[in-house]
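Numbering (UniProt numbering), first residue to last: 1 to 510.
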């Protein structure tokens, strides 16, 4: 089983948006404060409401919640709130819904939970899995799912496990012993670092005959990511009477230290994989791992190792939020998602087509440098360095002493501008990719030849205005980003027709 789709309606920064998930691995990148963490919050809130809708007496049945079912405001640790109104995208509409579609082979279940705010501020939220009608498809999906899970070796609550980890740099010096329910509660609300030692302890191999083998699986994962050997040891003499868990780590040829004294990079990796180890020992259903910025506190040379090791977890469906473009190169087809305002306006977050992603990224090396220089001067991207020189020279001749209001750069992957060789395809790729990264004004300039016309026409129709033979420009649907094809000079107009944009030069015969 896996989560196939998540749909948000009027939830926080999402007015109406669907997220089409990869069944194994999802890398989510995007602008700051655009709502990446809100995805995780929504999933965690949905799971909290889902658990509350399971019947007390019969753990394999749901309540039909059309009235009088609620969760108290004080228990909403899963999401960041100041007031309960913050849950809703439109504060005038005090109703939101989150629908998670679960898929197992050919079977799909749309499990929608609606949240409504009462008149009393910060008191509770009503939750609904039923619309109360005779033809109640909303609740029938929950019934179908409960019947389906009866055939599995788990309860409704265990059918979906959600584990969330966040960036950490330090942990508490003293950590009490916790039971499984307390550990899972911390994990579900994104505070799993509070129970780091307990998670490590729960992954202990009780069949090991030597102390050095008790945490062997976890130590192997640490070695694969960090490139160095570590030994973990449980130091308590009496598990019943001791109040705090004591665990140490020893680097090969290094000093034994209590883990709270270890570096932030070590703690970050230990936090992630102790959660996964714990989950693998305690779950039988969907194992959903939500990892927020796993590259935080980890040296850039080791970040690729982290993704490689995460992708080995075949029993999990993993979601990773990152701001690090180094990690995007580790994404396979269907695994990379880019969230920005355009995606939110369109209402659909689906995977990027990355069959040629590395080429796009290489071709944008000089363009990305330009858009990240802090300057807001509009950028003109030309096919080659000759076009760039012609435009620069023309401006200087026509407007002597006046600064050019554009920054003109040529497409191409070469670092040295004099050696850069671009083309119309590089201009098109640059425009399409950059439109997901910046709001800066950018113009892609195409030569009016066969290749230029084909690439101009080929600009993605889902984000640029439709192609029109009567119009030599195509604007981005939301941003000030344009594709512009050079107009045909008057003396060549008779050689160009609307049904064939290829120019033909007619040579006289003698």
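All C-beta atoms, glycine included, are put in the ideal place defined by N, C-alpha and C. Small disclaimer: the values here were computed from a predicted structure and weren't measured.
Exercise. Does the beta-carbon of residue 17 have 16 or more other beta-carbons within 10 angstroms, so that it is buried, or is it exposed?
Worked result: Buried.
Exercise. How far does the alpha helix (DSSP H) with residue 343 in it reach, from first residue to last?
Worked result: That run of the alpha helix (DSSP H) goes 341 to 346.
Exercise. Could you give the distance in angstroms between the alpha-carbon of residue 410 and the alpha-carbon of residue 381?
Worked result: If you draw a straight line from the Cα of residue 410 to the Cα of residue 381, it comes to about 5 angstroms.
For this session: Determine the direct distance from the alpha carbon of residue 39 to that of residue 383, and round the result to whole angstroms.
Result: Between the C-alpha atoms of residue 383 and residue 39 there is a straight-line separation of about 39 angstroms.
Problem set entry | Nearest neighbour of residue 188, chosen from 95, 44, 142, 58 [CA to CA] | The option with the nearest alpha carbon to residue 188 is 44.
For this session: Using a threshold of 9 angstroms, state whether the C-beta atoms of residue 12 and residue 87 are closer than that.
Result: Taking 9 angstroms as the Cβ cut-off, residue 12 and residue 87 qualify as a contacting pair.
For this session: Mind reading off the beta-carbon distance from residue 84 to residue 125? Whole number of angstroms is fine, and I expect it under 8 angstroms.
Result: That pair is a contact at about 7 angstroms.
Problem set entry | Residue of 343, 266, 293, 398 minimising C-alpha distance to residue 227 | Each of 343, 266, 293, 398 was checked against the Cα of residue 227, and the nearest Cα belongs to 266.
For this session: Report the residue from 440, 423, 427, 106 whose alpha carbon sits nearest the alpha carbon of residue 377.
Result: Minimum Cα distance to residue 377 is reached at 440.
For this session: Please classify residue 172: is it buried, with 16 or more other beta-carbons within 10 angstroms of its beta-carbon, or exposed?
Result: By the 10 Å Cβ count, residue 172 comes out exposed.
Exercise. Quick one: what does DSSP say residue 17 is sitting in, helix, strand or coil?
Worked result: Residue 17: strand per DSSP, three-state reduction.
Exercise. Helix, strand or coil: how does DSSP classify residue 10 here?
Worked result: In the structure shown, residue 10 sits in a strand (DSSP, three-state: E or B).
For this session: Sort 482, 307, 389, 79 by Cα distance to residue 221 and report the nearest one.
Result: Of the listed residues, the one whose Cα sits closest to residue 221 is 307.
Problem set entry | residue 274, buried or exposed, once every other Cβ within 10 Å from all chains shown has been counted against 16 | Residue 274 is buried by the Cβ-count criterion.
Problem set entry | Straight-line Cα distance separating residue 310 from residue 259 | Straight across, the Cα-Cα distance linking residue 259 with residue 310 is about 22 angstroms.
Exercise. Expressed to the nearest angstrom, what Euclidean distance is found between the alpha-carbon atoms of residue 252 and residue 225?
Worked result: So the two alpha carbons sit approximately 15 angstroms from each other.
Exercise. Where does residue 474 sit, in a helix, a strand or coil, going by DSSP?
Worked result: DSSP, reduced to helix, strand and coil, places residue 474 within a strand of the structure shown.
For this session: Reducing DSSP to helix, strand and coil, say where residue 202 ends up.
Result: DSSP places residue 202 in helix when its eight states are reduced to three.
For this session: Identify, in the order they occur along the chain, each residue of the same chain with its Cβ nearer than 8 angstroms to the Cβ of residue 143, setting aside the five sequence neighbours on each side.
Result: Taking residue 143 as the centre and dropping the five residues before and after it, the same chain places the C-beta of 62 closer than 8 angstroms to its C-beta, in chain order.
Exercise. Among residues of its own chain, excluding the 5 on either side of residue 406, which ones have a beta-carbon nearer than 6 angstroms to its beta-carbon?
Worked result: Correct list, in chain order: 378, 380.
Problem set entry | Identity of the residue in 56, 115, 93, 111 nearest residue 76 by Cα | Checked all of 56, 115, 93, 111; the closest Cα to residue 76 is 115.
Exercise. Is residue 193 helix, strand or coil by DSSP?
Worked result: In the structure shown, residue 193 adopts helical secondary structure according to DSSP, grouped into three states.
Exercise. Whose C-beta lies closer than 6 angstroms to the C-beta of residue 342 among residues of the same chain, with five residues either side of it excluded?
Worked result: Taken in chain order, the residues that qualify are 478.
For this session: Can you grab the Cα-Cα spacing for the pair residue 240 / residue 183, in whole Å?
Result: Whole-angstrom Cα-Cα distance: 17 angstroms.
For this session: Classify residue 521 as buried or exposed, calling it buried when 16 or more other Cβ atoms lie within 10 Å of its own Cβ.
Result: A query on residue 521 cannot be resolved here, the shown segment of the chain reaching from 1 to 510 and no further.
Exercise. So who's on the other strand from residue 380, going by DSSP bridges?
Worked result: Note: residue 380 is bridge-paired with 408, 443 in the DSSP secondary-structure output.
Exercise. Of the choices 99, 386, 229, 139, whose alpha-carbon is the least far from that of residue 65?
Worked result: Among 99, 386, 229, 139, the Cα nearest to that of residue 65 is on 139.
Problem set entry | Three-state class that DSSP yields for residue 511 in the structure shown | Since the displayed the chain opens at 1 and closes at 510, residue 511 lies outside it and no answer follows.
Exercise. In terms of residues, what are the limits of the beta strand (DSSP E) holding residue 287?
Worked result: That run of the beta strand (DSSP E) goes 286 to 292.
Problem set entry | In DSSP terms, what residue 2 is bridged to | Per the DSSP secondary-structure output, residue 2 pairs in a beta bridge with 103.
For this session: Could you tell me the boundaries of the beta strand (DSSP E) in which residue 56 lies?
Result: Here residue 56 belongs to no beta strand (DSSP E), and DSSP marks it neither H nor E.
For this session: Rank 119, 200, 9, 157 by C-alpha distance to the C-alpha of residue 175 and give the top, closest one.
Result: For residue 175, the closest C-alpha among the options 119, 200, 9, 157 is that of 200.
Exercise. Exposed or buried, residue 255, counting other C-beta atoms within 10 Å across all chains shown (16 or more means buried)?
Worked result: With fewer than 16 Cβ atoms within 10 Å of its Cβ, residue 255 is classed as exposed.
Exercise. DSSP state of residue 232, grouped into three classes?
Worked result: In the structure shown, residue 232 falls within a strand segment according to DSSP collapsed to helix, strand and coil.
Exercise. Residue 320 bridges to which residues according to DSSP?
Worked result: Within the DSSP bridge table, the entry for residue 320 names 27, 291 as partners.
For this session: Reducing DSSP to helix, strand and coil, say where residue 511 ends up.
Result: An answer regarding residue 511 cannot be provided, because it is not within the stretch 1 to 510 covered by the chain.
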